[in-house]
Structure formats: C-alpha cells, structure tokens
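Protein chains: 4
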Amino acid sequence: MTLARRLVAEGLGTALLLAMVVGSGIMAERLAGGNVAIALLANTIATGAGLVALILMFGAISGAHFNPAVTLSEAWQKNVPPGEVLPYIAAQVAGAFAGVAAAHGMFGEALFFASEHARTGPSQWWSEFVATFGLIGVIIGCSRSRPGITPFAVAAYITAAYWFTASTSFANPAVTLARSASNTFAGIRPADAPGFILAQLAGAAAATLVFRWLYPAPPANATVAGTVAPGDFIPALEDR
Amino acid sequence: MTLARRLVAEGLGTALLLAMVVGSGIMAERLAGGNVAIALLANTIATGAGLVALILMFGAISGAHFNPAVTLSEAWQKNVPPGEVLPYIAAQVAGAFAGVAAAHGMFGEALFFASEHARTGPSQWWSEFVATFGLIGVIIGCSRSRPGITPFAVAAYITAAYWFTASTSFANPAVTLARSASNTFAGIRPADAPGFILAQLAGAAAATLVFRWLYPAPPANATVAGTVAPGDFIPALEDR
Amino acid sequence: MTLARRLVAEGLGTALLLAMVVGSGIMAERLAGGNVAIALLANTIATGAGLVALILMFGAISGAHFNPAVTLSEAWQKNVPPGEVLPYIAAQVAGAFAGVAAAHGMFGEALFFASEHARTGPSQWWSEFVATFGLIGVIIGCSRSRPGITPFAVAAYITAAYWFTASTSFANPAVTLARSASNTFAGIRPADAPGFILAQLAGAAAATLVFRWLYPAPPANATVAGTVAPGDFIPALEDR
Amino acid sequence: MTLARRLVAEGLGTALLLAMVVGSGIMAERLAGGNVAIALLANTIATGAGLVALILMFGAISGAHFNPAVTLSEAWQKNVPPGEVLPYIAAQVAGAFAGVAAAHGMFGEALFFASEHARTGPSQWWSEFVATFGLIGVIIGCSRSRPGITPFAVAAYITAAYWFTASTSFANPAVTLARSASNTFAGIRPADAPGFILAQLAGAAAATLVFRWLYPAPPANATVAGTVAPGDFIPALEDR
Chain U
1 MTLARRLVAE
11 GLGTALLLAM
21 VVGSGIMAER
31 LAGGNVAIAL
41 LANTIATGAG
51 LVALILMFGA
61 ISGAHFNPAV
71 TLSEAWQKNV
81 PPGEVLPYIA
91 AQVAGAFAGV
101 AAAHGMFGEA
111 LFFASEHART
121 GPSQWWSEFV
131 ATFGLIGVII
141 GCSRSRPGIT
151 PFAVAAYITA
161 AYWFTASTSF
171 ANPAVTLARS
181 ASNTFAGIRP
191 ADAPGFILAQ
201 LAGAAAATLV
211 FRWLYPAPPA
221 NATVAGTVAP
231 GDFIPALEDR
Chain R
1001 MTLARRLVAE
1011 GLGTALLLAM
1021 VVGSGIMAER
1031 LAGGNVAIAL
1041 LANTIATGAG
1051 LVALILMFGA
1061 ISGAHFNPAV
1071 TLSEAWQKNV
1081 PPGEVLPYIA
1091 AQVAGAFAGV
1101 AAAHGMFGEA
1111 LFFASEHART
1121 GPSQWWSEFV
1131 ATFGLIGVII
1141 GCSRSRPGIT
1151 PFAVAAYITA
1161 AYWFTASTSF
1171 ANPAVTLARS
1181 ASNTFAGIRP
1191 ADAPGFILAQ
1201 LAGAAAATLV
1211 FRWLYPAPPA
1221 NATVAGTVAP
1231 GDFIPALEDR
Chain A
2001 MTLARRLVAE
2011 GLGTALLLAM
2021 VVGSGIMAER
2031 LAGGNVAIAL
2041 LANTIATGAG
2051 LVALILMFGA
2061 ISGAHFNPAV
2071 TLSEAWQKNV
2081 PPGEVLPYIA
2091 AQVAGAFAGV
2101 AAAHGMFGEA
2111 LFFASEHART
2121 GPSQWWSEFV
2131 ATFGLIGVII
2141 GCSRSRPGIT
2151 PFAVAAYITA
2161 AYWFTASTSF
2171 ANPAVTLARS
2181 ASNTFAGIRP
2191 ADAPGFILAQ
2201 LAGAAAATLV
2211 FRWLYPAPPA
2221 NATVAGTVAP
2231 GDFIPALEDR
Chain Y
3001 MTLARRLVAE
3011 GLGTALLLAM
3021 VVGSGIMAER
3031 LAGGNVAIAL
3041 LANTIATGAG
3051 LVALILMFGA
3061 ISGAHFNPAV
3071 TLSEAWQKNV
3081 PPGEVLPYIA
3091 AQVAGAFAGV
3101 AAAHGMFGEA
3111 LFFASEHART
3121 GPSQWWSEFV
3131 ATFGLIGVII
3141 GCSRSRPGIT
3151 PFAVAAYITA
3161 AYWFTASTSF
3171 ANPAVTLARS
3181 ASNTFAGIRP
3191 ADAPGFILAQ
3201 LAGAAAATLV
3211 FRWLYPAPPA
3221 NATVAGTVAP
3231 GDFIPALEDR
C-alpha cells in the first residue's frame, strides 16, 4: 500500500472511531434517563463493536493503529519506519477532530466546544497507565501469536477497559485531544488532557518493554495490529 | 447457484431481517418501562446478533446483500451482473414488507399500518449518509481483505451504528420503505423515507469511490459480502 | 464416538442448556427490580453466550443438537441413523429435566414445580413456527457452507430470537417440556406445551424443505451442527 | 517459553483478570443507581470481553490458566509437569492479590480490605460445583477438538455462568482468595472462601473424570487452554 493510502486509512479510521465514541455517548446520555450505567453500557457496546468493524475495514491497509501510542510502540519495535511516525500521528489527530465534528453534526451540536468534564488526579492517571499498558500488551501479544484475531482481541479489551478503569480507558492520545473538544458524555477538560497523555505514553512504554521480553522471537513476517497474515503462526515451543 | 435460489435467499433473508428489526423493537418497547436506552440496547443486540446468523445462513447462496445500496455498489464494482440488479432489489423490497407483516403477526398487530414516527432534517440525513458510507466501506474493505470475516464485521458495524448515528442507522432503502409501514419503535413516516433513501444512496456512492481507491487491486476471486472464499487472501504488501 | 458417549453428551449438554436458561432467568428476575426488559436482556446474553460454549464443548462428540427438532431434521437429511433418533430425543428430554432441577437447586427452589406462565394463542404459535424455522435454517445453511462457524451462528440466532418473537423463542420441544416444570421467569404452563411443540415441529419441517432446496448438493463430508469439519468448504460457484 | 516467562504471564494475566473483575464491579455498582441487574450485566460484559483479550494475550506463553483449578486439572491430564504446579499456583495467587490492589488504586480505595459480603450455604456450594464443572468441561472439550477457539468458548462460558449460578460463578480458587480482600461488589467474606474453594475443586475433579471419558484419545499435540495449535484438528470419526 502506498503511504497516501495508509494515511487516508489512518485518518478516516480514526475519524470514524471518534464519531462512534462521541456519537454513541451523546445518544446514550440522551436516552438513558439519567442512569449512567445504562449510558456507559450502550457507549461500551457501540465502541467495542465499532472497533471490530474499523480494524477489519482498514487493517489490511495501514495496520489500523488509530492511536499515536500504538504507532510509537510499533516504531520502537521497528514495525513502522521512523519517517512515517509523524505522518501517521498527524493523520490520526486530524482524523480524530474530524470525527468529533462529524458526530456533533449528526446530533445537531456545534462542531467543536471545549469540554468541562473534569478527569484528573492520581487515580485517573493510574487508570490510564493500566489501560494503555493492557492495550499495548494485547496488541503485541496477539499480533505475535495469532495476528488474524487481533481485531477481536483489541475490541474485547477496550470493552472491558471502559468498565474496569476509573477513567473509562481513553488509552489513546489522539482520542484524548479530540474528546477535549466535545462537551458531551465522552468529553475531557482540555487542561486535563496532558496528564492523560503522559500516563498513556508511560503505560505504552512499560508494556512494550514487558511484552517484548515475554515474546522474544518475533517471526520475520510479524505484522502490526489488524494486518492480515497468512494465518496464525505457531509460537516456538521448543524451549518449553 | 441458480438465479431463482439467489432471489429466494435475498427475499427470505430480508424478510427475516425486517422481522428481527421490527419484532425486537416492539418487544423491547413493550418491556422497557419507558426507558428508551434499554429498549434501543435490546433492539441493537437482537439486530446485530441476527445479522450474523442471517449472513452466514444465506451468504453462500446470494451474497446476503439484503440491501439495494449494497447490490448497487456491488454492481458498480462488477460483482453483480447488470441484469440481476433489478431482480435483486425487487426481492429485497418484497421480502422486507413480508418481514414487517410477519413481525406484526407475531405481536398481534395489523399486518401494515403507516408509521407516524418523524425522522427528517439535515442531521438525520447526514446520519444516514455517514451510516451507509461506513456500511459500504466495511463491506468493500473486509470482503477484499478477509471475506470470511465479513459477516461479523457487518454485524459489528450495525451494532455500533444504531448508537453513533442520530437516525439509528437505517442504511438500507428496502428497510426504510418497509419500516414506513410499521407504526412501532422502528418505524419512519412514509413522507420521510425519500430523504433517507437519497442520503443512503449518496453515502453508498461516496464509499464505493473511496474504498475502490483504497483497495486498488481486488483479486480475481474477490467475492461479495458474506460469500465464502477459500480463505483470507493476503493483501499485496510489496508496494508498502 | 460410541453411541454411549454421544448420548451422554446430548444429555449433559441439554442439562447445562436448561440450567443456563432457567438459572439465568431466575437470577435476572430477582435482580432486575421489576424491569422485564433488563431481565430478558440478561437472560438473553447468558443463553447466547452459554450456547457458544456448550456447542463447542460437545459438538465434536454428538453434534450438539440438544433439541429433538434438530435431531428429527438431521435424521430426515440422513445425517443421523434412524435407530438413533429415539435415544437422542430421550437423552435430550431427560437432560432437560435434570438441568431444570440443577438450576432450582442452585437458587434454593423445589426441584420441580409446574409453571403457571400462560403462553398460548395464534400469535405465540406463529412465533414458535418462525423461531424454529429460522433455527433449522441457520443450522442447515451454515453447516452446509461453513460448518466450523455454526456454533456462533446458532448462538447469535437465538440471541436475536429471544427478542424478535413474541414467545421469546423456545424453538425446542425438550426445552418446552422441561420449562413447564419451572414456575419461574422461563416457565410455560404444561397445558400450553403441546401447542408450542406442534408449532416448532411444523417450523422445523418447513425449514428442512426450504433449505434443502436452497442448498441442493451437500458434499459427502457435510456434518451436523457443531461438528468440526476440516475447514469451511467452498460452495459450488460454477452454476452462478 | 522459559518457566520464568510463563510464570510472569500467569501472574500478570491473573492480576489483569482480577483488576477487570473487581474494577468493573466497583464501576458498575457506583453507576447503576441501585439496580443490581444492570450492575451485574456490566460486570459480566467486562469480564467476558476481558477474558477473550487476556487469554489471547498470554495463551501462547503459559496456556493462560489464571486458575489453580485449571492448572491442577491440566496436571492430572499430564499437560503440565508436576514440578510446575506449585509455581503456577503461587504466581496466580500473587497476581490475583496484585490485581485487586491495582483495581482499588484506580478507584481510590484502600489497597486491601476484608470483604463483608456473605456467600455461603449448600445452594452457593452447589453453584460453585456446577460453575467449575462446566468451566473445566469447556476447557477440556474445546482444547481437545478445536483449541484455537478455546479463548472464545471460555469467555462465553463465564459470561453465562455469572448469571446461571446463584454464586455468580467464581469458579477459581485464586480469584476467590483475592476477592476476599475486596469489600466491594465482587467481594466474598474470608470465612466463606474455603467452602467455595472446596466446591470448586470437587467440580474440577468431576469434570476432569467425565470429560476425559468423553474425549478418549487426545492427539499427541493437544495443548492446554488458549495455546495456539496448528489448526483445529479433526476428531476421530471412524468409530462413529
């Protein structure tokens, strides 16, 4: 795939991801009659199911990162050329903001408006660290053992993480930036975004270190998340 | 498969799809005690799960389009012979109305009655454009890279789209027409159907253009949505 | 597999299925605070997920019918020897009652007590006809085109059918008999069971006729629902 | 894989599992506004989805037991060397407590505090027996017939078991011990833990006996739960 196609895939995929996260959050809050658990459950199911579709839709083109933390981790593992890191991240961030605007348009809101939803403090940062650690762990572990199933593993992880972390698991710097421009269910105050992003990057780095040690010998044809591989390769079992 | 078998598959599959959408909408609204989020959640889960079953049930016969927008997009990509487009669409529309009547019969309602559920305006049309753009994108992207997984990708996408679009994602002209004959949870006023259908066709056209560019070289044995292929083919990676 | 193993698998599998249906119904009704939609949603998710597990757990041994309507349809298609039909059904019915007793034991209820839950009338019978028609259609269609995915297709179908039929889709004579011995959320009055069973058998017969016509040439190694096959076989496309 | 890697995988995986179970329980209870069914539904979906991710993440390394009952059953079947049983269990228990602390940290609670949630009596013990019987049955049945799908079968089973057993299906001695240190939605009084663990071990033993009889001839390359195999092997059908 040419770089142009891959950047369009990252941008369009991240836009659809944000449209799903923000749009389903608005719909859920409007319909839930004040029960936040029901709203978050709908938001969770929409996001998890949507991720399956999006990763399968774009994975064969760009790897379906949709997330600067994933791109940086893959670049560290030499799965992404250094010169493509910034273009990938730029496409993701631009797509994320476009997706928020698309969602606001569907629900008759202004295209962008700063969030007033406070999300800060050590518990929240620890949540984002754990959330991103797990996400990167799922991607490395699954893509090195059974890459064809990675889309389902990632979506299942995020479904769980919306509930088991106190922050509802942003786990994505591009998503964090764009959600600061949405004063809805899924929003985050702009002032709180840097803390989230730092915790996410720390979690991603820790996971990359741990899971590279756990999976020591990636095969030559290892692929990034969501990319189609000839089939699940067999992990080396001889040293067991 | 003979054309007769394929048309019966499209008609019967679309009928069961509408029975699922309308029937689960009636059941959900009756039981939900006024909480629309709970009703839509049940309607969503029933529709998403039902789509998995229906696409697997009929995909090997007709491709399991159940949707004129899909048939037109596939015909544009030369996956459906021009002479079969109208028969396919006729079978889908006839099946859709039969499915609405089947659902009404199960719940003791009149077979058809015009909906009074208003769904109109730019936000709704933009929602239908986005919903159908994504649906066609999922079908093209997935069927060109991992066709065996398309049934799950399509169902996951619709599960998300019920929530992230303001229109609950009809994304299907045959479904839109038939739901105008059901004055229940899933209905739409007959007068509002043309706006939905135009937005759906525009979204399908846009997605066909974008995703044909993203996936430039379909293999000779590429199949339409839901059709079984010998296995996930490997996208050309040499130009990466 | 020996017949003994297959009968134990059918009996144990049907027992666990009933324990899931009845047990999750009791739990759901106790916790739902009177909101029937929430109770049915929990009952649905437990049943659908449980079916995936049970069909994978026993499919390679007995085919994982758990349902006399399935066994009769498979026997009609010559996938089950005539002499094994009655033993299969006996194992299913005995297992179903054992499963109801197991569930009642878990929730501190008497082992059996006749249900007072009225479920009768043309709308209910039509619902059971549609529900069983679809179930048998899913099994035949999927097992003749992609047998390895049948467990997921069947579970997805039942998940949808709990909601889109007015009867919550029993679709199984053994289940119907056993649920008449449970005066809980999932129960049915003994007097109403015969009507359900007749409608189920009619639906199964209709589906067997229709889907045998739709899938005319089963390959020699076609297997019954849930049985593991060497891989998804490729439907003949040459007559398309 | 070296033993060190496998023990880290078991410990880290069990820690994340407990973080998911306890964390999502806290979140669900806080948001559900007193409706326990909604809280348990969210807890269920988070746990089931999380299990898919965790088993895929660590299965290729350690088999993804996360459960002393699984390790003991696998050792009985000679799939785990005797000398590794205690290290596996120690890693699981240590990981389980770490996971509870991690969850409490995310939600601003003290790292450990004894639960006051009473769960005792014959109905509860029978529930744990059934829950663990089914879990071990799913693992043996699926890993001997279609090992690549085991992660989904196990997660689906637990999703059902949260609802169809009166105890919400702990089915895991390490989980039981660690949840006694959490006075939250998912907790259990320390005094009630031994009864649960005994019932779990009895259920695991019964399932190991029954399912070894049902699946008499494991192939030489049979693997434990979650381990990647070259593909679904075909059960011997010649004695059918």
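Sequence order for the protein chains is U, R, A and Y.
Sequential numbering of the first sequence, starting at 1, is according to my numbering.
Sequential numbering of the second sequence, starting at 1001, is according to my numbering.
Sequential numbering of the third sequence, starting at 2001, is according to my numbering.
Sequential numbering of the fourth sequence, starting at 3001, is according to my numbering.
The beta carbon of each residue, even a glycine, is placed where N, CA and C say it ideally should be.
Computed from a prediction, not measured in an experiment: that's the story for all the values here.
**OP:** Measure from the C-beta of W1163/R to each C-beta in chain U and report whether the shortest distance is under 8 angstroms.
**Re:** Closer than 8 angstroms: yes.
**OP:** Quick one: residues in its chain with C-beta nearer than 6 angstroms to the C-beta of A2118/A, no 5 flanking neighbours on either side, listed in chain order?
**Re:** R2189
Subject >> A3068/Y and L3003/Y closer than 8 angstroms at C-beta >> reply: Residue identity check: residue 3068/Y is Pro in the sequence provided, not Ala. No. Outside cutoff.
Original post:
Is the beta carbon of A2053/A less than 8 angstroms from the beta carbon of Y3162/Y?
Top reply: no
Original post:
W2125/A and G2195/A look like a contact to me (Cβ under 8 angstroms); what is the Cβ gap, rounded to whole Å?
Top reply: 6 angstroms
**OP:** Mind the definition here: the stretch 3022 to 3031 of chain Y touches the stretch 2021 to 2041 of chain A only if three or more C-beta pairs lie below 8 angstroms; say whether that holds.
**Re:** Contact check between the stretch 3022 to 3031 of chain Y and the stretch 2021 to 2041 of chain A: fewer than three CB pairs, one atom from each, fall below 8 angstroms, which does not count as touching.
**OP:** Mark G2033/A as exposed unless 16 or more other C-beta atoms lie within 10 angstroms of its C-beta, in which case mark it buried.
**Re:** Under this definition G2033/A is an exposed residue.
Original post:
Counting only beta-carbon atoms, is T3159/Y nearer than 8 angstroms to chain A?
Top reply: yes
Original post:
What's the C-alpha gap between G2134/A and F1066/R?
Top reply: Here the alpha carbons of F1066/R and G2134/A stand approximately 16 angstroms from one another.
Subject >> Cβ-based neighbour list, L3104/Y, same chain, cut-off 6 angstroms, excluding 5 preceding and 5 following >> reply: Note that residue 3104/Y corresponds to His in the displayed sequence, not to Leu. These residues qualify, in order along the chain: L3111.
Original post:
From G3023/Y, S3143/Y and A3060/Y, pick the residue whose C-alpha is nearest to that of V138/U; which is it?
Top reply: A3060/Y
**OP:** Output, in sequence order along the chain, the residues in the stretch 7 to 25 of chain U whose CB is closer than 7 angstroms to any CB in chain R.
**Re:** V8, A9, L16, A19, M20, G23 and S24
**OP:** Measuring only between beta-carbons, confirm whether F3058/Y sits less than 8 angstroms from chain A.
**Re:** With 8 angstroms as the cut-off, F3058/Y does not count as an interface residue toward chain A.
Original post:
With 8 angstroms set as the bound, which would you pick, yes or no: does the beta-carbon of G3195/Y sit closer than that to a beta-carbon of chain A?
Top reply: no
**OP:** Establish whether the CB of R146/U and some CB of chain R are separated by less than 8 angstroms.
**Re:** no
**OP:** Verify the CB distance criterion: does L2086/A have a CB-CB separation below 8 angstroms to chain Y?
**Re:** no
Original post:
Roughly how far, in whole angstroms, is the beta-carbon of A46/U from the beta-carbon of I55/U, given that I think they are within contact range, below 8 angstroms?
Top reply: Actually they are not in contact, since the Cβ atoms of A46/U and I55/U sit about 15 angstroms apart, beyond 8 angstroms.
**OP:** Assign P3147/Y to buried or exposed, taking buried as 16 or more other Cβ atoms, counted over all protein chains shown, within 10 Å of its Cβ.
**Re:** buried
Subject >> Complete beta strand (DSSP E) runs within the stretch 3145 to 3210 of chain Y (minimum length 3 residues, chain order) >> reply: none
Original post:
Just to confirm, are A1114/R and S1169/R a CB contact at a threshold of 8 angstroms?
Top reply: no
Original post:
Count the other CB atoms within 10 Å of the CB of A191/U; is the residue buried (16 or more) or exposed (fewer)?
Top reply: Exposed is the call here.
Subject >> Nearest-angstrom Cα separation, counted from S3167/Y out to A2204/A >> reply: 37 angstroms
Original post:
In this structure, does DSSP put T1071/R in helix, strand or coil?
Top reply: helix
Original post:
Under a three-way DSSP split, which group does H2104/A fall into?
Top reply: helix
Original post:
Checking contacts by CB at 8 angstroms: is D2239/A closer than that to chain Y?
Top reply: For D2239/A, the predicted model reports a pLDDT of 28, less than 50, meaning its position is unreliable; a value from the coordinates is still stated below. Taking Cβ atoms only, chain Y never reaches closer than 8 angstroms to D2239/A, which makes this a no.
Original post:
Which same chain residues, not among the five before or five after A2242/A, have their C-beta less than 6 angstroms away from its C-beta?
Top reply: Outside the shown range of chain A (2001 to 2240) lies residue 2242/A, about which nothing can therefore be said.
Subject >> Sub-8 angstroms separation of A1178/R and F1107/R beta-carbons >> reply: no
Subject >> Of the listed residues G99/U, A171/U and S145/U, nearest to T71/U (C-alpha basis) >> reply: Cα-wise, what sits closest to T71/U is A171/U.
Original post:
L41/U versus chain Y: which residues are under 8 angstroms apart at the beta carbon?
Top reply: I3038, L3041, A3042 and I3045
**OP:** Hey, could you find the ends of the alpha helix (DSSP H) T2002/A is sitting in?
**Re:** Note, T2002/A: premise wrong, no alpha helix (DSSP H); not H, not E.
**OP:** Starting from L1031/R, find everything on chain A with Cβ-Cβ shorter than 7 angstroms and list it in chain order.
**Re:** V2036, A2037 and L2040
Subject >> Three-state secondary structure (DSSP) of P2081/A >> reply: Three-state result, P2081/A: coil.
Original post:
Leaving out five residues before and five after P3230/Y in sequence, what residues of the same chain have Cβ atoms less than 6 angstroms from its Cβ?
Top reply: Here the model assigns P3230/Y a pLDDT of 32, short of 50, so the residue's position is not dependable and the matter cannot be decided.
Original post:
Could one say the Cβ of V2228/A lies closer than 8 angstroms to chain Y's Cβ atoms, at least one of them?
Top reply: The predicted position of V2228/A is uncertain, since its pLDDT is 33 and thus under 50; a value taken from the coordinates is nonetheless stated next. V2228/A counts as touching chain Y.
**OP:** For V1138/R, go through chain U and note every residue whose CB falls closer than 9 angstroms to its CB, in chain order.
**Re:** Against chain U, the beta carbon of V1138/R has neighbours under 9 angstroms at A53, L54, L56 and M57, listed in chain order.
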